[in-house]
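Participant:
Protein chains: 2
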Amino acid sequence: MNKKVNIKRDGPESRRRIINVAVRLFAQHGYAGTGMREISAEAEVNLAMINYFFGSKKGLLKEILDTFYAKYIEIALRELEQEGQMEIKLERFIHGTISFFDTYKDYLLVTINELPHDDPEILEHKASWAQKMIAVLEREICRPLAFEKGTVISSTVLGPLLTATMASRFLFAPVMDQVRPENIPKESLEEYSEMISTSLLKMIS
Amino acid sequence: MNKKVNIKRDGPESRRRIINVAVRLFAQHGYAGTGMREISAEAEVNLAMINYFFGSKKGLLKEILDTFYAKYIEIALRELEQEGQMEIKLERFIHGTISFFDTYKDYLLVTINELPHDDPEILEHKASWAQKMIAVLEREICRPLAFEKGTVISSTVLGPLLTATMASRFLFAPVMDQVRPENIPKESLEEYSEMISTSLLKMIS
DNA sequence: TGGTTCACTAAACGTTTGTTTAAGATTGTT
DNA sequence: AACAATCTTAAACAAACGTTTAGTGAACCA
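If you're matching them up, the sequences are chains E and G in order. Using the working numbering, you'd call the opening residue of the first sequence number 2 and step up by one each time. Using the working numbering, you'd call the opening residue of the second sequence number 2 and step up by one each time.
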């Protein structure tokens, strides 16, 4: 009758809990610096459950990276692949991305910090996502820019540049939070988003 | 008579070799992902020599980070702390930094990827270096910018933004090298440096 | 010549690592 | 009630981890 007498046996709930904990710990101590026992303890699941759900520690990382890349490219497609003035589309893309980075800041940190992770299996996924992003930027930003304004900038430069610029607040947050003087509060996300947006738009003008 | 009959006993030479190998491996596999046996093997020194010279693995990382931070702040002081027009000083700082990043790209990757490394001892060093950099930027860029042009941008935003933008090529290199189509060659460092420089100068204009 | 310092080595220390295994519990289906 | 599928467990595995120790020479200075 009462289905929830026993707290255990949550099924996909455990799976989700593992991911959430893993993302947080990977962002804090890095992938290699986080032990599976630490994850299982904080997620309150048995150690073996991680391998049961994800096959291996690497499988867990792969799923985290894929989740981030998929959402990122989805925003790019949604905001850039439509009719309209390029500057306006770019501005929406920037605001959307920064808002996404803020919500998924741990995912962002894991993704960036594992960029040099040279495992062939992981590298393949990263490259295919990056490929798509570069293609969108080439089509929607670089080509109009060269055609309308004569400004030539390679998409393989613009891609990293855009991402790094938008991510700067989150990337350096662990250090900057230590540095910022107490009397000067952190800028709000809206202020930051506006600054980056106007800066980047000036950049391509 | 012949002092070099025995190849061993190189003294500080071994020390330098350990650092060079460690920087490369830390950049490739991360700090936690690199074993001391891997370092000692590639540097062709005994395992115990690392602890002999640096006290611990953490001591080795600390020295690598300190080397990078010291050189970076030295460039900032040299190029920004002098008389002259702000834009020209900033341009020189950007070119100097990018050239430095290129020469020390492995140091750069280690530094950025270990940003979340929350060891108290490491964090202290990072924060004190960042503090200095922020102070220079505040004095030499942000204040003139607000005074002369009315453009208000916080140094705690500008610092990360500048560094992330200049580092973007090196940060994403492991992935972008996979993505770039064969027929399109990588931009030269000079081209990249020029692009970033003009972009950033437009940004604050 | 004896002694101190510096550079180096091999071996072992106790932990911790990711993964596997075999068994058990719970669930929905027949 | 029996079945299969799903979820969970404790225990063990070999391998790798960072660190320590005790000892060996070479170099230099007294």
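No residue lacks a Cβ here, since even glycine has one placed at the ideal position from N, Cα and C.
Listed in chain order, which residues of the stretch 173–194 of chain E have Cβ atoms closer than 7 angstroms to some Cβ of chain G?
Facilitator: Those residues of the stretch 173–194 of chain E that come within reach of chain G (Cβ to Cβ, closer than 7 angstroms) are Phe-173, Pro-175, Val-176, Met-177, Gln-179, Val-180, Arg-181, Glu-188 and Tyr-193.
Participant: Go to Ser-194 (chain G), then tell me how far its alpha helix (DSSP H) extends in each direction, as first and last residue.
Facilitator: Looking at the DSSP string, the run of the alpha helix (DSSP H) that includes Ser-194 (chain G) is 190–204.
Participant: Could you pull the start and end residues of the alpha helix (DSSP H) that Tyr-108 (chain E) belongs to?
Facilitator: First-last of the alpha helix (DSSP H) with Tyr-108 (chain E): 106–114.
Participant: Tell me which residues of the stretch 117–135 of chain E have at least one Cβ-Cβ distance to chain G shorter than 7 angstroms, keeping chain order.
Facilitator: Residues Pro-117, Asp-119, Leu-124, Lys-127, Ala-128, Ala-131, Gln-132 and Ile-135.
Participant: Leaving out five residues on either side along the sequence, give the residues of the same chain with a beta carbon under 6 angstroms from the beta carbon of Ser-156 (chain G).
Facilitator: Closer than 6 angstroms at the Cβ level, and outside the excluded window around Ser-156 (chain G), lie Ile-135, Leu-138, Glu-139 and Cys-143.
Participant: Taking the alpha-carbon of Leu-26 (chain G) as reference, which of G:Met-196, G:Thr-152, G:Asn-114 and G:Ala-168 has the nearest alpha-carbon?
Facilitator: Looking at the Cα atoms, G:Asn-114 is the closest of the given residues.
Participant: Taking a Cβ distance cut-off of 7 angstroms, strictly less, list which residues of the stretch 144–165 of chain E are near chain G, in chain order.
Facilitator: The residues in question are Ile-154, Ser-155, Thr-157, Val-158, Pro-161, Leu-162 and Ala-165.
Participant: Which residue's Cα is closest to the Cα of Glu-191 (chain G): G:His-96, G:Tyr-105 and G:His-126?
Facilitator: The candidate whose alpha carbon is nearest that of Glu-191 (chain G) is G:His-96.
Participant: Using 8 angstroms as the threshold, is the C-beta distance between Pro-161 (chain E) and Leu-159 (chain G) below it?
Facilitator: No. Outside cutoff.
Participant: Distance check for Glu-195 (chain E) and Ala-174 (chain E), CA to CA, integer angstroms please.
Facilitator: Roughly 18 angstroms between the two C-alpha positions.
Participant: Would you give the residue range spanned by the alpha helix (DSSP H) that Asp-67 (chain G) belongs to?
Facilitator: That run of the alpha helix (DSSP H) goes 58–81.
Participant: Please classify Gln-86 (chain G): does DSSP put it in a helix, a strand, or coil?
Facilitator: Here Gln-86 (chain G) sits in coil by DSSP.
Participant: Kindly indicate which three-state DSSP category Tyr-253 (chain G) falls into: helix, strand or coil?
Facilitator: This structure does not reach residue 253 (chain G), given that chain G is present from 2 up to 206, and the question cannot be answered.
Participant: Using the beta-carbon count (16 or more within 10 Å), is Tyr-73 (chain E) buried or exposed?
Facilitator: Looking at its Cβ environment, which holds 16 or more other Cβ atoms inside 10 Å, Tyr-73 (chain E) is buried.
Participant: Any Cβ of chain E within less than 8 angstroms of the Cβ of Ser-36 (chain G)?
Facilitator: Note on residue identity: the sequence assigns Gly, not Ser, to residue 36 (chain G). No, Gly-36 (chain G) does not count as interfacial toward chain E.
Participant: Between the stretch 182–191 of chain G and the stretch 175–188 of chain E, can you find at least three pairs of beta-carbon atoms closer than 8 angstroms?
Facilitator: Contact between the stretch 175–188 of chain E and the stretch 182–191 of chain G is absent, because fewer than three Cβ pairs lie under 8 angstroms.
Participant: Excluding five sequence neighbours on each side, which residues of the same chain lie with their C-beta closer than 7 angstroms to the C-beta of Ala-77 (chain G)?
Facilitator: Answer for Ala-77 (chain G): Phe-94, Met-134 and Val-137, listed in chain order.
Participant: Just the Cα atoms here: how many angstroms apart are Lys-4 (chain G) and Asp-11 (chain G)?
Facilitator: Any reading at Lys-4 (chain G) needs caution, since the residue's pLDDT is 32, under 50, leaving its predicted position unreliable; the model's value is listed next. Using only the alpha carbons, I get a separation of about 11 angstroms.
Participant: Count the other CB atoms within 10 Å of the CB of Tyr-53 (chain G); is the residue buried (16 or more) or exposed (fewer)?
Facilitator: The residue in question, Tyr-53 (chain G), is exposed, as its Cβ has fewer than 16 Cβ neighbours within 10 Å.
Participant: Name the two residues that bound the continuous alpha helix (DSSP H) containing Lys-1 (chain E).
Facilitator: With chain E covering 2 to 206 only, the question about residue 1 (chain E) has no answer from this structure.
Participant: What three-state label does DSSP hand Ala-44 (chain E) in the structure shown?
Facilitator: In this structure, Ala-44 (chain E) counts as coil in the three-state DSSP scheme.
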